[in-house]
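Structure first, commentary second.
Protein chains in written order, with the working numbering: chain R, 12 to 95; chain E, 12 to 95; chain F, 438 to 587; chain X, 438 to 587.
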């Protein structure tokens, strides 16, 4: 069971990546933990968690950073929405 | 210069008449006066002024019964509107 | 700003397209369509006749549209109201408002139909199994219009 | 209740006609159409690209429509939102609500577009003479959505 991560809009552009799949990193139990893990990659990844008004969804529901995540989940990071 | 009077909807049906033209009756200076003049005809005319929520317009503007009228004016009587 | 009173039906798609045409500043289009319901106040309605006051009706509608244009920043607005014989499912009225942003377009559209319902000289007569009757004015319509008092 | 996310344009007249078809209890139809403006925040806009989150977008829109159906007595509602490349004057979104009476249809339609603007995962990127830029979320949209909090 892999963890699927999606990046949209300006977040996708800043990271130069739209999605990835990886095994659930050891010790990661929530969105905040995943952001900490990604920051270790350095470069743009280090600043992901600091993006102003960064939004996140787990399994296609908007959540806070304390939302739990586990293997098989789909996590997404994106800026505030601007449709309509 | 004749006075033109129009009757609409249920008011028109009750009076059996849609419009008429007549010389400005002597002494009539406002809508209330005109209603008094028409009441003298008896029958349904007697009850015109008492129709619940009767509305009136002078020269195609909704007005109160104290609105002045003169020769050449167009006066209309009708129930509350129900379009839309 | 356009106001029409007519017996003929109208095509909402065409009217909205005409309203938008060559207006690159429009960002929001809000429209209301009123339709003859097959039931009214608990009785079935088989047909309806709409009477109006020719001349005053057009003036009253134009005055309302002008008032909406003073109250909100609108790009354009149209009101089309049918008269004559109508059947359940038939369109009665179209109110459409175009603006740069949606807030003012929503407010102006609702204002226009609320005002129309209480101030434009139209009268509905409907045919039910119990016979024909003039539709009574609704207190709820008066209350809706009252909200817009200055 | 129907929700669609598509690249293709939509025909407002046909969509409203489909919403009304065989629904004799409908008395009021309120619709909102969002259009690409030729200028945004003072800059000319030559084109726009709408990105979305496939799967979540549809779920979010369906959830909003369901919520509107719980809050108001609606007969039906549709939301159609386009994605991909759009030009000034192009239609972006249609929200249409059918009800027996106009008050609930107006409220539900405005609720849906307010919620869509703050909760449905779409992102606009516009091309201006100064280059391409992601459109910034508006505080006024957050305030509009906030009005509908229980």
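Even glycine gets a Cβ: it sits at the ideal position worked out from N, Cα and C.
{"Query": "C-alpha gap between residue 388 of chain F and residue 585 of chain X, whole angstroms", "Result": "No information on residue 388 of chain F is available, as it lies outside the stretch 438 to 587 that chain F covers here."}
{"Query": "Test: residue 581 of chain F CB closer than 8 Å to a CB of chain X", "Result": "yes"}
{"Query": "As assigned by DSSP and simplified to three states, the class of residue 552 of chain X", "Result": "helix"}
{"Query": "Within chain R, the residues that residue 553 of chain X reaches when beta carbons sit closer than 7 Å", "Result": "94, 95"}
{"Query": "Contact belief for residue 453 of chain X with residue 484 of chain X at Cβ below 8 Å, rounded distance in angstroms", "Result": "Contact flag wrong, Cβ pair sits at about 28 Å."}
{"Query": "8 Å Cβ cutoff met for residue 502 of chain F and residue 549 of chain F", "Result": "yes"}
{"Query": "Between the CA atoms of residue 30 of chain E and residue 554 of chain X - distance to the nearest angstrom", "Result": "54 Å"}
{"Query": "Validate contact between the stretch 463-470 of chain X and the stretch 532-543 of chain X using beta carbons, cut 8 Å, 3 pairs", "Result": "yes"}
{"Query": "For residue 568 of chain X, the residue or residues it bridges with in DSSP", "Result": "X:565"}
{"Query": "Proximity winner among R:93, R:67, R:95, R:94, relative to residue 2 of chain R (alpha-carbon distances)", "Result": "Only positions 12 to 95 of chain R appear in the structure, and residue 2 of chain R is not among them; the question remains open."}
{"Query": "Pairwise C-alpha distance: residue 543 of chain F and residue 543 of chain X", "Result": "8 Å"}
{"Query": "Close Cβ partners of residue 558 of chain X (< 7 Å) along its chain, the five nearest in sequence each way excluded", "Result": "489, 490, 493, 494, 497"}
{"Query": "Any C-beta of chain R under 8 Å from that of residue 504 of chain X", "Result": "no"}
{"Query": "Contacts of residue 462 of chain F in chain X (Cβ-Cβ under 9 Å)", "Result": "474, 475, 476"}
{"Query": "Simplified DSSP state of residue 56 of chain E, which is helix, strand or coil", "Result": "helix"}
{"Query": "Proximity winner among R:61, R:82, R:86, relative to residue 35 of chain R (alpha-carbon distances)", "Result": "R:82"}
{"Query": "Cβ of residue 536 of chain F within 8 Å of any chain X Cβ", "Result": "no"}
{"Query": "Presumed contact (8 Å Cβ cut-off) between residue 64 of chain E and residue 90 of chain E, rounded CB distance", "Result": "6 Å"}
{"Query": "Local conformation of residue 483 of chain X per DSSP, three classes", "Result": "coil"}
{"Query": "Local conformation of residue 19 of chain E per DSSP, three classes", "Result": "coil"}
{"Query": "Same chain, Cβ closer than 7 Å to residue 20 of chain R, neighbours up to 5 away in sequence not counted", "Result": "89, 90"}
{"Query": "Limits of the alpha helix (DSSP H) - the one that residue 48 of chain E falls within", "Result": "42-50"}
{"Query": "DSSP bridge partner residues for residue 518 of chain X (one or two, in chain order)", "Result": "X:442, X:530"}
{"Query": "DSSP-derived helix/strand/coil call for residue 543 of chain F", "Result": "helix"}
{"Query": "Straight-line Cα distance separating residue 18 of chain R from residue 28 of chain R", "Result": "7 Å"}
{"Query": "With 16 other Cβ atoms within 10 Å as the buried cut-off, status of residue 518 of chain X", "Result": "buried"}
{"Query": "Separation of residue 441 of chain X from residue 522 of chain X, as counted between CA atoms", "Result": "17 Å"}
{"Query": "Closer than 8 Å to chain X by CB, residue 548 of chain F", "Result": "no"}
{"Query": "Sequence-distant residues of the same chain with beta carbon closer than 6 Å to residue 578 of chain F, five excluded per side", "Result": "554, 555"}
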